[in-house]
Amino acid sequence: MIITTAPLMKTAHYLLILLIAIAAGWTTATPDAWAQTPRPKISPSVDRPGDSVRAELQNGRVRLIAKKDLGWPGGRIHFVEGLEGRCVGLFVGNIGLDTDPFLCMLMDDGGVEIISHASLGVWSDFSYRHFTSSGRLPGLKHIVGFHEDTVVDGPVCYCGIFATDRDGGQHEIKSCSRPTGQISHQAGDRQHLLLIYPDWTMKYIVSQPRGNCLYEYFGRLRSIKRDYKNNTFDYRYDMLTRTAYPGELGSGASPKTSPCTENGSFRMVENEKEGEWGYDMTVLSGTIDFGTKQGASARYK
Numbered sequence: 030m031i032i033t034t035a036p037l038m039k040t041a042h043y044l045l046i047l048l049i050a051i052a053a054g055w056t057t058a059t060p061d062a063w064a065q066t067p068r069p070k071i072s073p074s075v076d077r078p079g080d081s082v083r084a085e086l087q088n089g090r091v092r093l094i095a096k097k098d099l100g101w102p103g104g105r106i107h108f109v110e111g112l113e114g115r116c117v118g119l120f121v122g123n124i125g126l127d128t129d130p131f132l133c134m135l136m137d138d139g140g141v142e143i144i145s146h147a148s149l150g151v152w153s154d155f156s157y158r159h160f161t162s163s164g165r166l167p168g169l170k171h172i173v174g175f176h177e178d179t180v181v182d183g184p185v186c187y188c189g190i191f192a193t194d195r196d197g198g199q200h201e202i203k204s205c206s207r208p209t210g211q212i213s214h215q216a217g218d219r220q221h222l223l224l225i226y227p228d229w230t231m232k233y234i235v236s237q238p239r240g241n242c243l244y245e246y247f248g249r250l251r252s253i254k255r256d257y258k259n260n261t262f263d264y265r266y267d268m269l270t271r272t273a274y275p276g277e278l279g280s281g282a283s284p285k286t287s288p289c290t291e292n293g294s295f296r297m298v299e300n301e302k303e304g305e306w307g308y309d310m311t312v313l314s315g316t317i318d319f320g321t322k323q324g325a326s327a328r329y330k
């Protein structure tokens, strides 16, 4: 008779994960959820010692103060732009495996908006900084506060921020993780640059060779589908502004930014081709082509 140890090893593995989860405070919500999770917090100001940015409320708006020179235009003080309502409380915590601060903004009707420190120019991966909020995060209502905790997902542990609703329910705040950063596609004499930020905002910039910028869009993203098994990610976008540059307007003209209501969706499939990882983008809807040809995908890397 052959005795296999696989079932025992598998059982031991899940017991270990369970013990880690219990130690970290990661449990399924129960009627006694308030006793099992850290008390939710909000504050009129947040300033962690290791962060490069502090924030404070000012008459329902959120003021950002850079604690060191981050290259912000106009100085070290800016207000968060695009808030959909009046902010009444702040919380800052990390999301992910590394230190990646997110500012959570509780609105007066119990909704939540966020902005990542990455968007503010703290990390070199995001050279195009901005100060615009994520807009209302879907599925978050009647929120009263936030806390930071460890998330156990199989063999992986990472930092997470949780929003607590008025009934004690816990809601993990999700960041946009695939893709993030700067990726580009070359099509003829046009370079298409796509920047996707962790706080569900995006920039799409079209330029000519030698960096002669033509125009750019700025907007917000929402996830339609996230299929990590097949590395396939579908997003809906809602553009907020379109900026025309001298390359489009004519030499000597000043950049002109206008409100924009373009919206649509696209699919990103992450894969390896010729020894290099990148994304095949397919436009699903909308009039912005992102450098693709009708019925075909564009390679972003």
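First residue of the sequence shown: 30, per the working numbering; consecutive thereafter. Ideal Cβ positions, reconstructed from N, Cα and C, are used throughout, including at glycine. Treat the numbers as computed from the prediction; the structure is a model and nothing was measured.
Near residue 167, which residues of its chain fall below 7 angstroms by C-beta distance, leaving aside the five closest residues on each side in sequence?
-> The residue you call residue 167 lines up with position 138 of the sequence shown. The residues 251, in chain order, have a CB closer than 7 angstroms to that of residue 167 in the same chain once the five nearest residues on each side in sequence are set aside.
Touch check for the stretch 102 to 112 and the stretch 120 to 130: three-plus C-beta pairs under 8 angstroms?
-> no
Can the beta-carbon of residue 311 be found less than 8 angstroms from the beta-carbon of residue 286?
-> To locate residue 311, count along the sequence shown from 1; it is residue 282. To locate residue 286, count along the sequence shown from 1; it is residue 257. Cβ atoms of residue 311 and residue 286: not closer than 8 angstroms.
Give, in chain order, every unbroken run of the beta strand (DSSP E) that is at least 3 residues long and sits entirely within the stretch 160 to 246.
-> 172 to 182, 185 to 194, 199 to 201, 210 to 216, 219 to 225, 230 to 237
Given a threshold of 16 other Cβ atoms within 10 Å of its Cβ, counted over all protein chains shown, does residue 68 qualify as buried or as exposed?
-> Working through the sequence shown from its first residue, we reach residue 68 at position 39. That one is exposed.
Is the number of C-beta pairs between the stretch 232 to 244 and the stretch 145 to 153 that are closer than 8 angstroms three or more?
-> no
If you draw a straight line from the alpha carbon of residue 187 to that of residue 179, how long is it in whole angstroms?
-> The residue labelled residue 187 in the question sits at position 158 within the sequence shown. The residue labelled residue 179 in the question sits at position 150 within the sequence shown. Residue 187 and residue 179: Cα-Cα distance of roughly 6 angstroms.
Might you give, ordered along the chain, the residues of its own chain that have their beta carbon closer than 6 angstroms to the beta carbon of residue 321, omitting 5 neighbours on each side?
-> Here residue 321 corresponds to residue number 292 of the sequence shown, with the count starting at 1. So the qualifying residues of the chain are 312, 327.
Which first and last residues belong to the beta strand (DSSP E) in which residue 275 is found?
-> Here residue 275 refers to the residue found at position 246 of the sequence shown. Where residue 275 is concerned, there is no enclosing beta strand (DSSP E), although the alpha helix (DSSP H) it sits in stretches over 275 to 278.
Return the CA-CA distance between residue 71 and residue 87, expressed in angstroms with no decimal places.
-> To locate residue 71, count along the sequence shown from 1; it is residue 42. To locate residue 87, count along the sequence shown from 1; it is residue 58. Near 15 angstroms, if we compare the C-alpha coordinates of residue 87 and residue 71.
Taking all protein chains shown into account, decide if residue 126 is buried (16 or more other Cβ within 10 angstroms of its Cβ) or exposed.
-> By 1-based counting over the sequence shown, the position of residue 126 is 97. By the neighbour-count rule (16 or more Cβ atoms within 10 Å), residue 126 is not buried but exposed.
Contact check, residue 95 vs residue 141, beta carbons under 8 angstroms | Your numbering for residue 95 matches position 66 in the sequence shown. Your numbering for residue 141 matches position 112 in the sequence shown. It is not a contact, given that the beta carbons lie outside the stated cut-off.
Under three-state DSSP, which class holds residue 147?
-> Your numbering for residue 147 matches position 118 in the sequence shown. DSSP places residue 147 in helix when its eight states are reduced to three.
Close-in-space but distant-in-sequence residues of the same chain around residue 274 (CB under 7 angstroms, 5 per side omitted) = To locate residue 274, count along the sequence shown from 1; it is residue 245. Excluding the 5 residues flanking it on each side, residue 274 has same chain C-beta neighbours closer than 7 angstroms at 242, 243, 244, 284, in chain order.
Where residue 301 falls: helix, strand or coil (DSSP) = The count along the sequence shown starts at 1 and reaches residue 301 at position 272. The answer is strand: DSSP assigns residue 301 an E or B state.
Under the three-state DSSP convention, the category residue 267 falls into | Within the sequence shown, the letter at position 238 stands for residue 267. Reduced to three states, the DSSP call for residue 267 is strand.
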